[in-house]
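Residue numbers (the numbering used here), protein chains in the order written: chain A, 1 to 607; chain B, 1001 to 1128. Worksheet for the structure shown next.
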Amino acid sequence: MNGYAGTILRVNLTTSEIRKEPLDEKVARDFLGGRGLGIYYLWTEVPKGADPLGPENKLVASTGPLSGLLVPGAGKMDWACKSPLTGGYAGASVGGHLTAEIKYAGYDAIIFEGISPKPVYLFIDDDRVELRDASDLWGKGSITTEEILKKRLGEEFQIATIGPGGENLVKYACITHDFGRQAGRGGVGAVMGAKKVKAVAVRGSKTIPVADPERFWELAHAMFRACKEAEGLGPWQRYGTTIVTSWCDEVGALPTRNFQQGSFEQGPNLYGQVMRERIVITDKGCFACPSPCGKYSYTKKHGVFVEGPEYETIALVGSNCALGDIEDVAYGNYLCDELGIDSISAGNAVAFAMECYERGLLTPEDTGGLDLRFGNAQAAFALLEKIARREGLGNLLAEGVKVASQRIGQGSEEFAVQVKGMEQSGYETHNATAMLLAYMTADVGAHHNRAWAITYDLQVGRDRVAPEKVARVILLQHIRPLFDSMGACRLQWVELGIDVTQYAPMMAAVTGIERSWEDLLKISERTWNLTRMYWIREVEGFGRTWDYPAPRFYKHPSTGGPTKGQLTPFEAVQQLLDMYYEQRGWDKNGIPTPEKLAELGLTELVR
Amino acid sequence: MRLYADSSKCSGCKACLLACAFSHFRENNIRKAALAIVPHFPSPGKYEVRVCTQCGECAKVCPVDAIPQNDKGAYYIDPELCIACDACIDACPEHVIFKIPGRDQPFECDLCGECVNFCGMNVLSIAE
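Structure below.
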């Protein structure tokens, strides 16, 4: 199968049985890979009602047909499972070099099943696949574990690990790779921890076949040339995602003090320009990426190396907790990485606790003596440790802000900033209706990866509620997950402005299947709708109310910055949903209609 | 002429390795490349790029004179003459002559320049 390794690796942890199965050609055709394969296997193999942390749940690590090839940003893969954080679908994308190595070893996906009786790591060296004892690694940090395994096995091995957060089943534990890249969201690391898998180590030497090598070579040249000639290349290479920090602060989109406002008075201390000068030591790219967003840093103040911080971490661990020193944010980032917890959800959890503390809903007794005022970096660091180890208040916050707010009560539910149980990522949405809708309807919960629409809001009017805005969100929700299914990064398109339709001939040269860009988007829509059906199947009473945003954005006006006094009225929220469901071919409750499912060829599958 | 690398600019993406392999073998495979990136993480956090300097040590040790120079002045291993003794691999001071999967004869840089074309960070260049 051109573009594919052609084999699925199935690892049963309960029995230690390892099986290699051929990749089903029709499944690859209908769902491509990565993000698409993940939901396909969840839908078909994980029984309804499975406990996310039990043996029935599966963890699916999938590459895409472009992964590992000479295509810009071909280093992406997807980790999927039933989410312990939300109870619905979790799919977390990660870059780095792991996906290429998995394919070179001869596999398109690894499916972890069952639960191991003792800590293990999965060792893959081409055809040789073994579960090895990891008792000596259990309890160690993610970065430390990766360093040990690289020394033990060799530099060529690519490693994915969990930290104490994953071992302790923190609901938003992540999987870390390449000393600071994460499959971050939805608790994929907790599922790996529940299965007692500490790490995956993989090396491969095989060639990934492409259907038309000459056409591929020509297109590869054209795509890399376009990236190298792009106007935005220089600034993006210098600052990566931190290029948006100053912009977000200026327009009022930088989450500040638990999303109370979108502008931070100490924001300029966190800007990409400041960070580059103060702490960055090298650029660190994912596989085959001409425009590395990864910035590798050293903070003298805290004496640690860390990849990042990325914009998201700056926003959630930084401004959202009111930490105004980039070196403190870098250290918070390091803690999240080493402890193996998602810095977006963790930053939210700390900020939520800080707001509770300042409002008197949490007392020093509740916090174990921590003075959880906004801006107290030492308290934030201590709380991150407590979360990862599930100590004291950390044990509650490890459940996510939705559950924590339900337990704390007293109105705290209104400022638990989450959708479907997933904490919101780094864009303040009091007045940015497209971005708000993107968060409301993202298929994992409040994450920007599916549709980054904040620039569009600024372009066409922040408070506008109009069909074009909704159409834009839906289009983005098909393009971005399509990249995650192809196994390539979207940022060459988003940030360098590479013509997105070039990926259609490239996919044809790789797979030998001629498909237009629209054909590929249709596959992405199929994946989106199957994911929606998964939520409906797994979450009792799932429907419209699950797409509501945090009340913070429709009940409590923004407290400062350019959006001061603004909010999105609840009627506007309802209008957005009405338009969204109509355009998607879903009913008023957000359920895909039989006609839509038939159009996407899903009728049989969802029966 | 030779290939130069400014390691301080490298972000470790391996596009050069892919380009090298595809240029010579029409294969997507980083293990079939005639240059190397050695990452040093988590500390001190840098990439080291190793390239052929055209020093000619390989040609000197070759027992069957299978390593002539091409029209760019690059040493290359003639697969017809090579007896796969691997003496050149051991002799290479930069460790950039490689035994590649599925082939007996080692392989080294012939200055085709494709790695330069695909590097987004301007790490690589060919000059006198």
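Every residue, glycine too, gets a C-beta built ideally from N, C-alpha and C.
A/V120 is bridged by DSSP to A/D133 and A/V197.
Taking the CA atoms as reference points, A/G426 sits about 30 Å from A/Q502. Setting aside the 5 residues that flank it on each side, A/M579 is surrounded in the same chain by P467 and V470, each with a C-beta closer than 7 Å to its C-beta; the list follows chain order. Counting other Cβ atoms within 10 Å of its Cβ, A/M223 reaches 16 or more and is therefore classed as buried. Against chain A, the CB of B/N1028 has a partner CB under 7 Å away; the residue lies at that interface. In this structure, A/A349 is the residue among A/M422, A/A349, A/G411 and A/N431 with its C-alpha nearest to the C-alpha of A/L393.
Per DSSP, the beta-bridge partners of A/G445 are A/D443. Interface flag for A/L70 against chain B is set, since a Cβ pair is found closer than 7 Å. Cβ-Cβ distances below 6 Å link A/A220 to L70 in the same chain, with the five nearest sequence neighbours on each side left out; the list follows chain order.
The alpha helix (DSSP H) runs of length 4 or more contained entirely in the segment 13–87 of chain A are, from start to end of the chain, 25–31 and 34–45. Our two residues, A/W217 and A/P22, have alpha carbons roughly 28 Å apart in a direct line.
A/G114 sits close to A/L13, with the two beta carbons spaced by under 7 Å. B/L1003 is positioned such that its CB atom lies no closer than 7 Å to that of B/V1049. DSSP lists A/S297 as the bridge partner or partners of A/V280.
Beta-bridge analysis with DSSP links B/F1025 to no other residue. Note on A/A380: 16 or more other CB atoms within 10 angstroms of its CB, so buried under the neighbour-count rule. If you ignore the 5 residues before and after A/E413, its C-beta comes within less than 7 Å of the C-beta of S405 and Q406, all in its own chain and listed in chain order.
A direct Cα-to-Cα measurement between A/L482 and A/L370 gives close to 44 Å. Residue pairing by DSSP places A/D125 opposite A/R128 and A/R203 in a beta bridge.
At a cut-off of 7 Å between beta carbons, A/I143 contacts chain B. For B/I1097 against B/R1031, the beta-carbon gap comes to about 14 Å, at or over 8 Å, which does not count as contact.
Distance from the CA atom of A/M486 to the CA atom of A/L577, rounded to whole angstroms, is 29 Å. As the crow flies, the alpha-carbon of A/G184 is around 43 Å from that of B/Q1105. A residue is called buried when at least 16 other Cβ atoms come within 10 angstroms of its Cβ; A/N529 meets this threshold and is buried. Within the segment 1004–1021 of chain B, S1011, G1012, C1013, K1014, A1015, L1018 and A1019 place their CB atoms closer than 7 Å to a CB of chain A, listed in sequence order. Residues of chain B with a Cβ closer than 8 Å to the Cβ of A/F483 do not exist, since the nearest Cβ in that chain sits about 17 Å away. In the DSSP assignment, B/L1124 falls within the unbroken beta strand (DSSP E) covering L1124 to A1127.
Around the Cβ of A/R181, a 10 Å sphere holds 16 or more other Cβ atoms; the residue is buried. The residue from A/L131, A/E229, A/E525 and A/F570 with its alpha-carbon nearest to that of A/A201 is A/L131. Looking at the backbone, the Cα of B/Q1069 and that of B/E1094 are separated by about 18 Å. Nearest neighbour of A/K295 by Cα position, chosen from B/D1071, B/Y1047 and B/S1125, turns out to be B/Y1047.
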